[in-house]
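Residue numbers (my numbering): 9 to 298.
Written out as C-alpha coordinates, the structure is:
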(Lines of atoms letter the chains of each structure in order from A; the text may use other names.)
(Lines give C-alpha, C1' and ligand atoms only; values in the text may rest on other atoms or scores of the structure.)
Protein backbone atom coordinates (compact mmCIF):
# COMPACT_ATOMS: atom_id res chain seq x y z
CA UNK A 9 0.00 0.00 0.00
CA UNK A 10 1.36 3.42 -0.92
CA UNK A 11 2.19 5.75 2.03
CA UNK A 12 -0.39 8.41 1.07
CA UNK A 13 -3.15 5.82 0.89
CA UNK A 14 -2.06 4.34 4.22
CA UNK A 15 -2.09 7.76 5.90
CA UNK A 16 -5.56 8.52 4.50
CA UNK A 17 -6.89 5.15 5.66
CA UNK A 18 -5.39 5.64 9.12
CA UNK A 19 -7.02 9.08 9.40
CA UNK A 20 -10.36 7.61 8.39
CA UNK A 21 -10.14 4.86 11.00
CA UNK A 22 -9.16 7.34 13.71
CA UNK A 23 -12.09 9.60 12.79
CA UNK A 24 -14.47 6.71 13.38
CA UNK A 25 -13.59 6.60 17.08
CA UNK A 26 -15.80 7.66 20.01
CA UNK A 27 -15.90 11.33 18.93
CA UNK A 28 -16.97 10.60 15.34
CA UNK A 29 -20.18 12.50 14.57
CA UNK A 30 -22.92 10.33 13.13
CA UNK A 31 -25.20 11.81 10.48
CA UNK A 32 -28.13 11.44 12.83
CA UNK A 33 -26.46 13.29 15.74
CA UNK A 34 -26.95 16.97 16.54
CA UNK A 35 -23.76 18.37 18.09
CA UNK A 36 -23.50 21.73 16.29
CA UNK A 37 -25.46 23.96 13.94
CA UNK A 38 -27.01 21.63 11.38
CA UNK A 39 -29.25 22.23 8.39
CA UNK A 40 -31.15 18.96 8.13
CA UNK A 41 -33.20 20.00 5.11
CA UNK A 42 -34.29 22.99 3.04
CA UNK A 43 -37.82 23.06 1.70
CA UNK A 44 -38.67 25.12 -1.37
CA UNK A 45 -42.31 26.15 -1.83
CA UNK A 46 -43.25 25.36 -4.50
CA UNK A 47 -40.56 22.66 -4.91
CA UNK A 48 -39.85 23.66 -8.54
CA UNK A 49 -40.15 26.72 -10.75
CA UNK A 50 -42.75 25.77 -13.34
CA UNK A 51 -43.30 27.29 -16.78
CA UNK A 52 -46.74 26.63 -18.23
CA UNK A 53 -46.11 24.95 -21.63
CA UNK A 54 -49.47 26.15 -22.98
CA UNK A 55 -49.24 29.90 -22.41
CA UNK A 56 -45.65 30.46 -21.27
CA UNK A 57 -46.76 31.90 -17.94
CA UNK A 58 -43.76 32.71 -15.77
CA UNK A 59 -43.43 31.05 -12.35
CA UNK A 60 -44.43 32.94 -9.25
CA UNK A 61 -42.06 33.42 -6.32
CA UNK A 62 -40.37 30.47 -4.59
CA UNK A 63 -39.73 30.67 -0.85
CA UNK A 64 -37.21 28.70 1.20
CA UNK A 65 -37.53 27.30 4.71
CA UNK A 66 -34.59 25.66 6.47
CA UNK A 67 -34.77 23.00 9.15
CA UNK A 68 -31.80 24.52 11.00
CA UNK A 69 -31.20 23.02 14.43
CA UNK A 70 -28.77 23.03 17.37
CA UNK A 71 -28.28 20.70 20.36
CA UNK A 72 -29.69 23.28 22.79
CA UNK A 73 -32.41 24.84 20.61
CA UNK A 74 -30.62 28.21 20.33
CA UNK A 75 -31.83 30.40 17.44
CA UNK A 76 -30.25 30.07 14.00
CA UNK A 77 -30.53 32.57 11.14
CA UNK A 78 -30.31 31.44 7.52
CA UNK A 79 -29.51 33.57 4.48
CA UNK A 80 -29.88 32.51 0.84
CA UNK A 81 -28.50 33.48 -2.57
CA UNK A 82 -29.18 32.34 -6.12
CA UNK A 83 -25.83 31.14 -7.46
CA UNK A 84 -24.72 32.64 -10.76
CA UNK A 85 -24.69 30.19 -13.68
CA UNK A 86 -21.21 31.38 -14.71
CA UNK A 87 -19.55 30.10 -11.51
CA UNK A 88 -19.17 26.91 -9.53
CA UNK A 89 -21.98 26.79 -6.93
CA UNK A 90 -19.90 24.54 -4.68
CA UNK A 91 -16.78 26.73 -4.43
CA UNK A 92 -17.92 28.47 -1.22
CA UNK A 93 -18.66 31.85 -2.85
CA UNK A 94 -22.47 31.52 -2.81
CA UNK A 95 -23.78 33.20 -0.72
CA UNK A 96 -21.11 35.78 -1.46
CA UNK A 97 -19.57 37.21 -4.60
CA UNK A 98 -20.95 34.41 -6.80
CA UNK A 99 -24.54 34.76 -5.60
CA UNK A 100 -27.57 37.04 -5.90
CA UNK A 101 -28.96 37.61 -2.38
CA UNK A 102 -32.54 36.45 -1.92
CA UNK A 103 -34.31 38.87 0.40
CA UNK A 104 -36.89 37.32 2.74
CA UNK A 105 -35.75 33.84 1.59
CA UNK A 106 -37.68 34.41 -1.66
CA UNK A 107 -36.64 33.79 -5.24
CA UNK A 108 -38.69 36.22 -7.31
CA UNK A 109 -38.58 36.58 -11.09
CA UNK A 110 -39.48 40.23 -10.61
CA UNK A 111 -35.87 40.80 -9.51
CA UNK A 112 -33.73 41.85 -12.52
CA UNK A 113 -30.66 40.17 -10.99
CA UNK A 114 -32.58 36.88 -10.75
CA UNK A 115 -33.76 37.32 -14.34
CA UNK A 116 -30.13 37.65 -15.45
CA UNK A 117 -29.19 34.37 -13.76
CA UNK A 118 -32.14 32.60 -15.39
CA UNK A 119 -31.15 33.97 -18.82
CA UNK A 120 -27.62 32.64 -18.29
CA UNK A 121 -28.97 29.23 -17.23
CA UNK A 122 -31.21 29.04 -20.32
CA UNK A 123 -28.32 30.09 -22.57
CA UNK A 124 -26.11 27.39 -20.99
CA UNK A 125 -28.77 24.82 -21.87
CA UNK A 126 -28.30 25.76 -25.56
CA UNK A 127 -24.56 26.42 -26.00
CA UNK A 128 -24.85 26.57 -29.77
CA UNK A 129 -27.56 29.20 -29.75
CA UNK A 130 -27.42 32.90 -30.47
CA UNK A 131 -26.72 33.86 -26.86
CA UNK A 132 -30.16 35.32 -26.13
CA UNK A 133 -32.33 32.34 -25.04
CA UNK A 134 -35.32 31.64 -27.25
CA UNK A 135 -38.10 29.62 -25.58
CA UNK A 136 -39.20 28.41 -29.03
CA UNK A 137 -35.80 26.82 -29.71
CA UNK A 138 -36.29 22.99 -29.71
CA UNK A 139 -33.18 22.50 -27.56
CA UNK A 140 -34.41 25.02 -25.00
CA UNK A 141 -37.83 23.34 -24.93
CA UNK A 142 -36.25 19.91 -24.47
CA UNK A 143 -34.05 21.19 -21.64
CA UNK A 144 -37.03 22.80 -19.92
CA UNK A 145 -39.10 19.61 -20.19
CA UNK A 146 -36.27 17.71 -18.49
CA UNK A 147 -35.64 20.51 -15.99
CA UNK A 148 -32.82 23.06 -15.89
CA UNK A 149 -31.01 23.01 -12.53
CA UNK A 150 -30.59 26.20 -10.54
CA UNK A 151 -28.52 26.38 -7.37
CA UNK A 152 -29.37 28.23 -4.17
CA UNK A 153 -26.58 28.66 -1.65
CA UNK A 154 -27.32 29.08 2.05
CA UNK A 155 -25.51 30.05 5.23
CA UNK A 156 -26.87 29.13 8.66
CA UNK A 157 -25.38 30.77 11.75
CA UNK A 158 -26.04 30.99 15.48
CA UNK A 159 -24.07 34.26 15.62
CA UNK A 160 -21.16 32.80 17.59
CA UNK A 161 -18.66 33.11 14.74
CA UNK A 162 -17.30 29.63 15.48
CA UNK A 163 -16.93 26.76 12.98
CA UNK A 164 -19.48 24.77 15.01
CA UNK A 165 -21.90 27.69 14.83
CA UNK A 166 -22.02 27.97 11.03
CA UNK A 167 -23.01 25.73 8.14
CA UNK A 168 -22.91 26.55 4.44
CA UNK A 169 -24.29 24.50 1.59
CA UNK A 170 -26.19 24.42 -1.70
CA UNK A 171 -29.75 23.38 -2.55
CA UNK A 172 -30.67 22.52 -6.15
CA UNK A 173 -34.06 23.42 -7.63
CA UNK A 174 -35.41 22.90 -11.14
CA UNK A 175 -36.81 25.32 -13.68
CA UNK A 176 -39.19 23.05 -15.60
CA UNK A 177 -41.92 23.16 -18.21
CA UNK A 178 -44.76 20.86 -17.16
CA UNK A 179 -48.51 20.58 -16.74
CA UNK A 180 -48.09 18.44 -13.61
CA UNK A 181 -45.83 20.29 -11.14
CA UNK A 182 -44.41 18.40 -8.19
CA UNK A 183 -45.66 19.05 -4.66
CA UNK A 184 -43.86 18.74 -1.33
CA UNK A 185 -44.60 15.63 0.74
CA UNK A 186 -45.85 16.08 4.29
CA UNK A 187 -45.26 14.10 7.49
CA UNK A 188 -48.42 13.87 9.58
CA UNK A 189 -47.15 11.89 12.57
CA UNK A 190 -44.47 9.69 14.12
CA UNK A 191 -45.78 6.50 15.71
CA UNK A 192 -44.34 4.45 18.55
CA UNK A 193 -46.03 1.14 19.32
CA UNK A 194 -48.90 2.11 17.05
CA UNK A 195 -49.67 5.44 18.74
CA UNK A 196 -48.50 9.00 18.27
CA UNK A 197 -45.04 9.56 19.80
CA UNK A 198 -45.53 11.63 22.95
CA UNK A 199 -43.35 9.72 25.46
CA UNK A 200 -42.05 9.05 27.92
CA UNK A 201 -39.67 6.56 26.33
CA UNK A 202 -37.91 3.99 28.54
CA UNK A 203 -34.36 4.89 29.56
CA UNK A 204 -31.54 2.37 29.86
CA UNK A 205 -30.49 1.78 26.26
CA UNK A 206 -33.79 0.22 25.23
CA UNK A 207 -34.46 -0.31 21.52
CA UNK A 208 -37.66 1.25 20.20
CA UNK A 209 -39.03 1.55 16.67
CA UNK A 210 -40.60 4.62 15.07
CA UNK A 211 -42.94 4.72 12.05
CA UNK A 212 -43.50 7.89 9.98
CA UNK A 213 -46.97 8.69 8.67
CA UNK A 214 -47.18 10.69 5.44
CA UNK A 215 -50.00 13.13 4.74
CA UNK A 216 -52.52 11.97 2.16
CA UNK A 217 -51.26 12.33 -1.41
CA UNK A 218 -47.61 12.78 -0.44
CA UNK A 219 -46.46 9.89 -2.67
CA UNK A 220 -47.52 11.31 -6.04
CA UNK A 221 -47.86 9.49 -9.35
CA UNK A 222 -45.81 11.10 -12.12
CA UNK A 223 -44.79 10.33 -15.69
CA UNK A 224 -41.34 8.77 -15.74
CA UNK A 225 -39.14 7.65 -18.63
CA UNK A 226 -40.84 4.24 -18.56
CA UNK A 227 -44.39 5.40 -17.91
CA UNK A 228 -46.33 6.28 -14.76
CA UNK A 229 -44.34 5.94 -11.53
CA UNK A 230 -45.16 6.45 -7.87
CA UNK A 231 -42.69 8.49 -5.85
CA UNK A 232 -40.62 6.39 -3.48
CA UNK A 233 -40.39 8.56 -0.39
CA UNK A 234 -37.16 8.36 1.61
CA UNK A 235 -36.79 9.32 5.27
CA UNK A 236 -33.83 10.63 7.29
CA UNK A 237 -33.90 10.43 11.10
CA UNK A 238 -32.16 12.71 13.62
CA UNK A 239 -32.07 13.06 17.41
CA UNK A 240 -30.49 15.15 20.15
CA UNK A 241 -29.24 13.66 23.40
CA UNK A 242 -27.23 10.55 24.22
CA UNK A 243 -29.33 7.91 22.48
CA UNK A 244 -28.50 6.50 19.06
CA UNK A 245 -30.48 6.36 15.83
CA UNK A 246 -29.75 2.85 14.59
CA UNK A 247 -31.25 3.35 11.13
CA UNK A 248 -30.54 6.81 9.77
CA UNK A 249 -32.37 6.18 6.48
CA UNK A 250 -35.58 4.33 5.68
CA UNK A 251 -37.93 4.28 2.71
CA UNK A 252 -41.45 3.51 1.57
CA UNK A 253 -41.96 0.61 -0.85
CA UNK A 254 -42.94 1.73 -4.37
CA UNK A 255 -42.97 0.50 -7.99
CA UNK A 256 -42.09 -3.04 -6.94
CA UNK A 257 -39.05 -1.84 -4.99
CA UNK A 258 -39.18 -3.07 -1.38
CA UNK A 259 -38.92 -0.68 1.51
CA UNK A 260 -39.44 -0.30 5.24
CA UNK A 261 -40.16 3.24 6.48
CA UNK A 262 -39.53 2.44 10.16
CA UNK A 263 -36.38 3.32 12.11
CA UNK A 264 -34.82 1.83 15.25
CA UNK A 265 -33.60 4.01 18.09
CA UNK A 266 -31.62 3.07 21.19
CA UNK A 267 -32.69 5.23 24.12
CA UNK A 268 -30.16 7.01 26.38
CA UNK A 269 -28.91 5.28 29.50
CA UNK A 270 -30.12 8.15 31.70
CA UNK A 271 -33.33 10.23 31.77
CA UNK A 272 -33.30 13.34 29.56
CA UNK A 273 -35.40 15.31 27.10
CA UNK A 274 -34.83 14.40 23.44
CA UNK A 275 -35.93 16.04 20.19
CA UNK A 276 -36.48 13.83 17.15
CA UNK A 277 -36.78 14.94 13.54
CA UNK A 278 -37.81 12.92 10.50
CA UNK A 279 -37.27 14.41 7.03
CA UNK A 280 -39.16 13.05 4.01
CA UNK A 281 -37.83 13.44 0.46
CA UNK A 282 -39.70 12.37 -2.67
CA UNK A 283 -36.63 12.09 -4.93
CA UNK A 284 -37.88 14.90 -7.19
CA UNK A 285 -37.01 17.93 -5.06
CA UNK A 286 -39.94 17.73 -2.66
CA UNK A 287 -39.20 17.88 1.07
CA UNK A 288 -41.21 17.73 4.28
CA UNK A 289 -40.48 17.10 7.96
CA UNK A 290 -41.84 16.72 11.46
CA UNK A 291 -40.32 16.99 14.95
CA UNK A 292 -41.25 15.51 18.32
CA UNK A 293 -39.84 16.49 21.73
CA UNK A 294 -40.27 13.76 24.37
CA UNK A 295 -38.98 12.74 27.77
CA UNK A 296 -36.83 9.64 28.20
CA UNK A 297 -37.23 7.98 31.61
CA UNK A 298 -37.46 7.84 34.48
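Yeah, the Cβ is synthetic: ideal placement off N, Cα and C, and Gly gets one too.
Could you pull the DSSP bridge partners for residue i from this structure?
{"i": "residue 238", "result": "277"}
{"i": "residue 297", "result": "None; residue 297 has no bridge partner."}
{"i": "residue 83", "result": "99"}
{"i": "residue 264", "result": "209"}
{"i": "residue 189", "result": "213"}
{"i": "residue 93", "result": "According to DSSP, which records beta bridges pairwise, residue 93 is partnered with nothing at all."}
{"i": "residue 151", "result": "172"}
Reducing DSSP to helix, strand and coil, say where residue i ends up.
{"i": "residue 140", "result": "helix"}
{"i": "residue 125", "result": "coil"}
{"i": "residue 53", "result": "coil"}
{"i": "residue 47", "result": "coil"}
{"i": "residue 114", "result": "helix"}
Quick one, which of the options has its alpha-carbon nearest residue i's?
{"i": "residue 54", "options": "145, 94, 35", "result": "145"}
{"i": "residue 36", "options": "118, 204, 164", "result": "164"}
{"i": "residue 295", "options": "213, 274, 102, 278", "result": "274"}
{"i": "residue 264", "options": "245, 254, 271", "result": "245"}
{"i": "residue 185", "options": "298, 272, 290, 29", "result": "290"}
{"i": "residue 29", "options": "252, 239, 298", "result": "239"}
{"i": "residue 223", "options": "103, 47, 180", "result": "180"}
{"i": "residue 256", "options": "112, 271, 228, 103", "result": "228"}
For a quick check, are the C-beta atoms of residue i and residue j less than 9 Å apart?
{"i": "residue 208", "j": "residue 282", "result": "no"}
{"i": "residue 44", "j": "residue 152", "result": "yes"}
{"i": "residue 73", "j": "residue 154", "result": "no"}
{"i": "residue 267", "j": "residue 202", "result": "yes"}
{"i": "residue 100", "j": "residue 156", "result": "no"}
{"i": "residue 218", "j": "residue 288", "result": "yes"}
{"i": "residue 250", "j": "residue 298", "result": "no"}
{"i": "residue 158", "j": "residue 215", "result": "no"}
{"i": "residue 177", "j": "residue 41", "result": "no"}
{"i": "residue 175", "j": "residue 149", "result": "yes"}
Should residue i be counted as a contact of the ligand COA given a C-beta to heavy atom distance under 8 Å?
{"i": "residue 46", "result": "With respect to the ligand COA, the structure shown offers nothing to examine, as it has no ligands at all."}
- Query: Do the segment 189-206 and the segment 59-71 meet, that is, are 3 or more Cβ pairs less than 8 Å apart?
  - Reply: no
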